[in-house]
Amino acid sequence: MSDPAAAPQPPAAEKKVNPKQAEKEARKAARLAEEKAKADEKAALLAQYADTFGTAELIQSLTYNSKTYITVPALSAALVDQTVLVRARVSTTRKKGKMAFMVLRDEHDSVQAMAAVDEKVPKEMIDFIGQVPCESIVEVQAHVCGTAQPITSTTHADIELKIEKIHVVSESQRTLPFTLEDATRREDEEGVKVNFDTRLATRWLDMRTPASNAIFRMQSRVCQYFRQYLIDNDFCEIHTPKIISAASEGGANVFKLGYFGRDAYLAQSPQLYKQMALQGDIPRVFEVGSVFRAENSNTHRHLTEFVGLDVEMRISEHYYEVLDVAEGLFNYMFEHLATHTKELEDICRQYPFEPLVWKIPEEKIRELGVGVISDRVEPTDQYKGRVHNLESRMLRLYYPDCIDLLNTVLTEKMSHVDDINTTNEKLLGKLVKERYGVDFFISDRFPSSVRPFYTMSCKDDERFTNSYDMFIRGEEISSGAQRIHVPELLLERAKSLQVDLTPCKDYVDAFRLGAWPHGGFGVGMERVVMLYLGLGNVRLVSMFPRDPQRVTP
Ligand code: AMO
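Written as structure tokens, this is what we have:
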């Protein structure tokens, strides 16, 4: 067959030139050439100013300690008339005639920066400043000036920066997913509000709002004070595995993973391991670590991954020894958290809340006949309210008495061994606040039916256990108990609750080589932060929350 491509082609017809078309093309070419010339001229001009303004050279570890920076928070009137080098975020920028203004911010603080055309500042620099996208990071060399009138829109009211040089270190996208102004608005304020999912999708932007930023600083403090108090009280920090071979809390709420051809699970709590650690002769242990719960609970207080603050310790005689530590710990934590007034104000401005009351007023103790355990004063209070001592004054109520208190308002009365649901828990918190004036309380002697297999029963009544929960503003933040340290008793109790301990043989065996009597508790870190701050959703205090609907970002 012949190749059609190789076949001789007829000569191409002479192309007719359309004079109108040619003229149009020539005009276009001239326009493009003119534009290019202008761009080249501008580029040449900008290159000439490269040292004064423009895009900063990529930071790539070429120099080291070659410049001295000052942060926006560290600026002050003491620096007036000095030249400073600041790297900060651009909050706003605006050009006004031959002048340009910017608000630069970093952390809690902001400062006004300005430039005006003069012999050192070309008009091009004013244009440049006017078009830097908000949220970009810039590096500014500036002269610090005092202000004649206080500047009310920035935290530094008495100083202003006169920009000498400005370079963009990292330019922000011009369109933001939301404005910080909108995301800072209180629920009851007029104006646009930002949907919470939208905020979570760009958490790094949301965290630039004062309240969100302060929440994560408070979260850090909660962990810091937790650690500090326990270390000061002879506790030793431990790290238990998060990949384990059997469910730690029993039940079905456990994430299963493939593990080299067999099944493994994500730890639902460090429970079994913190107890085993004690049997290795460390008398008091604690852990701050991730905890995983495969609970399909789409509520304001459930996460599938949260931070567990866990404590376990030897006891000599009574689980009250653990509660005394818990009280000391929370008292220390709350007292120290209250000192962070700047953060608390930032949070309160967007999410108004009442400060937490965790100590019963002394007059209430006398008036109600609240018992004082350390002074062996028995309660005459109708609900047998007790405190450890007159200094700590944190309320303890037996579970059955909580039911009695609830029954004063419930139409459908509960029995002493019924489980208190979330709604009634809230109601109980309200009743306790009304009667005892506190937002924090401990309830002890929970019914056996609602506690895990490792919980020690009450000697006087097997229907109840040596266990407790702690509540803030009517919501659980912690639970714990005296544990069973006798293997046979542990197996017996597990059997009666239909929990198979075969996969936890090592745990049971840990009590066969001489076991210390012990107890402890586990605290949900996010719950503490949320409820201390009176917030309505645990996702506000979890930086990148994990719930049944969310595994990104
Ligand atoms: P518990 O299961 O009650 O007890 O958990 C202890 C505390 O952890 C918090 N918490 C949660 N926080 C966020 N999302 C969740 N899904 C979630 N589930 C629980 C609560 C709770 O009080 N091993 C025992 C503790 C112990 O006895 O030491 C345990 O894990 O604040």
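Using the UniProt record's numbering, the first residue of the sequence shown is number 1, and each one after it goes up by one.
Glycine included, each C-beta is placed from N, C-alpha and C at the ideal position.
State yes or no: is the C-beta of MET525 within less than 7 Å of the C-beta of VAL538? Within the sequence shown, the letter at position 525 stands for residue 525. Within the sequence shown, the letter at position 538 stands for residue 538. With a cutoff of 7 Å on beta-carbon distance, MET525 and VAL538 are scored as not near each other.
Tell whether a beta-carbon distance below 7 Å holds between LYS67 and LEU79. Within the sequence shown, residue 67 is the residue found at index 67, counting from 1. Within the sequence shown, residue 79 is the residue found at index 79, counting from 1. No.
Exposed or buried, VAL288, counting other C-beta atoms within 10 Å across all chains shown (16 or more means buried)? Against the sequence shown, residue 288 aligns to sequence position 288. That one is buried.
At a threshold of 6 Å, does PHE446 count as lining ligand 1 (C-beta to nearest heavy atom)? In the sequence shown, the residue the question calls residue 446 occupies position 446. The beta carbon of PHE446 sits no closer than 6 Å to any heavy atom of ligand 1.
Would you kindly work out how many angstroms separate the C-alpha atoms of ILE477 and VAL528, rounded to a whole number? What you label residue 477 is simply residue 477 of the sequence shown in a count that begins at 1. What you label residue 528 is simply residue 528 of the sequence shown in a count that begins at 1. Roughly 6 Å between the two C-alpha positions.
Give the C-beta separation of ARG445 and CYS458 to the nearest angstrom, bearing in mind that I take them to be a contact with Cβ-Cβ under 8 Å. For the purposes of this step, residue 445 is taken as the residue at position 445 of the sequence shown. For the purposes of this step, residue 458 is taken as the residue at position 458 of the sequence shown. Contact annotation, ARG445 with CYS458: C-beta distance approximately 6 Å; criterion of less than 8 Å satisfied.
Contact check, HIS518 vs ARG314 under 8 Å by CB: the rounded distance? Your numbering for residue 518 matches position 518 in the sequence shown. Your numbering for residue 314 matches position 314 in the sequence shown. For a cut-off of 8 Å, the C-beta gap from HIS518 to ARG314 is around 5 Å, short enough to register as a contact.
On the DSSP bridge list, what partners appear for VAL117? Here the question's residue 117 lines up with position 117 in the sequence shown. Bridge partners of VAL117: none, in fact.
Short Cβ contact (7 Å threshold) for ILE484 with TYR507: One-based indexing of the sequence shown puts residue 484 at position 484. One-based indexing of the sequence shown puts residue 507 at position 507. No, the pair does not count as a contact, with Cβ atoms beyond the cut-off.
For PRO447, the three-state DSSP class (helix, strand or coil): What you label residue 447 is simply residue 447 of the sequence shown in a count that begins at 1. PRO447: strand per DSSP, three-state reduction.
Integer-rounded CB distance, given that PHE255 should sit under 8 Å from LEU272: In the sequence shown, residue 272 corresponds to position 272, counting from 1. In the sequence shown, residue 255 corresponds to position 255, counting from 1. Rounded, the Cβ-Cβ distance is 17 Å, inconsistent with contact.
Count the other C-beta atoms from every protein chain shown that fall within 10 angstroms of the C-beta of CYS236, then say buried if there are 16 or more, exposed otherwise. Here residue 236 refers to the residue found at position 236 of the sequence shown. Residue environment for CYS236: exposed (fewer than 16 other C-beta atoms within 10 angstroms of its C-beta).
Outcome for ILE231 when other beta-carbon atoms lying within 10 angstroms are tallied against a minimum of 16: Within the sequence shown, the letter at position 231 stands for residue 231. Exposed, by the Cβ-count rule.
Straight-line CA distance for ARG31 to GLU171? Here the question's residue 31 lines up with position 31 in the sequence shown. Here the question's residue 171 lines up with position 171 in the sequence shown. Their Cα atoms are separated by approximately 31 Å.
Separation of ARG396 from GLN275, as counted between CA atoms: Sequence index remark: in the sequence shown, residue 275 carries index 275 (1-based). Sequence index remark: in the sequence shown, residue 396 carries index 396 (1-based). Taking the straight line joining both Cα atoms gives about 25 Å.
Hey, could you find the ends of the beta strand (DSSP E) GLY146 is sitting in? Against the sequence shown, residue 146 aligns to sequence position 146. It spans 137 to 146 - the beta strand (DSSP E) in which GLY146 sits, taken as one unbroken run.
On the DSSP bridge assignment, give the partners of GLY258 in chain order. Counted from its first residue, the sequence shown places residue 258 at position 258. Listed as beta-bridge partners of GLY258 by DSSP are ASP263.
Taking the Cβ atom as the reference point for each residue, do THR155 and SER110 lie within a distance shorter than 7 Å? For the purposes of this step, residue 155 is taken as the residue at position 155 of the sequence shown. For the purposes of this step, residue 110 is taken as the residue at position 110 of the sequence shown. Yes; because the gap between Cβ atoms is below 7 Å, this pair is in contact.
Quick one: what's got a C-beta closer than 8 Å to TYR436's C-beta in the same chain, skipping five residues either side? Residue 436 sits at position 436 when you count from the first residue of the sequence shown. Around TYR436: ILE360, LYS364, LEU368, VAL370, GLY385, LEU395.
Can you give me the start and stop residues for the beta strand (DSSP E) that ALA88 sits inside? The sequence position of residue 88 within the sequence shown is 88, counting from 1. In the DSSP assignment, ALA88 falls within the unbroken beta strand (DSSP E) covering 83 to 96.
Can we count GLN271 as close to ligand 1, meaning its CB is less than 6 Å from some heavy atom? The count along the sequence shown starts at 1 and reaches residue 271 at position 271. Flag set: Cβ of GLN271 near ligand 1.
Run the proximity test for LEU303: is its beta-carbon closer than 6 Å to any non-hydrogen atom belonging to ligand 1? Reading the sequence shown from its first residue, position 303 is the one you call residue 303. In this structure, ligand 1 has a non-hydrogen atom nearer than 6 Å to the beta-carbon of LEU303.
What does a CB cutoff of less than 7 Å around LEU491 pick up in its chain, not counting 5 residues either side in sequence? Here residue 491 refers to the residue found at position 491 when the sequence shown is read from its first residue. These residues qualify, in order along the chain: LEU501, VAL508.
Looking at ligand 1, does it come within less than 6 Å of GLY146, judged from the CB to the closest heavy atom? As a working mapping, residue 146 is identified with position 146 in the sequence shown. Result no, Cβ not under 6 Å from ligand 1.
Is the stretch 95 to 109 touching the stretch 178 to 195, taking contact as three or more C-beta pairs under 8 Å? As far as the Cβ criterion goes, the stretch 95 to 109 does not touch the stretch 178 to 195, which means the pair count is below three.
Output the distance between the C-alpha atoms of ALA5 and ARG27, rounded to the nearest integer angstrom. Reading the sequence shown from its first residue, position 5 is the one you call residue 5. Reading the sequence shown from its first residue, position 27 is the one you call residue 27. Per-residue confidence for ALA5 stands at a pLDDT of 49, beneath the threshold of 50, marking its modelled position as unreliable; the derived number appears in the next sentence. Taking the straight line from one Cα to the other gives about 39 Å.
Would you list the residues sitting across from ASP305 in a DSSP beta bridge? Along the sequence shown, one-based indexing puts residue 305 at 305. Before going further, note that residue 305 is Glu rather than Asp in the sequence given. Per DSSP, PHE292.
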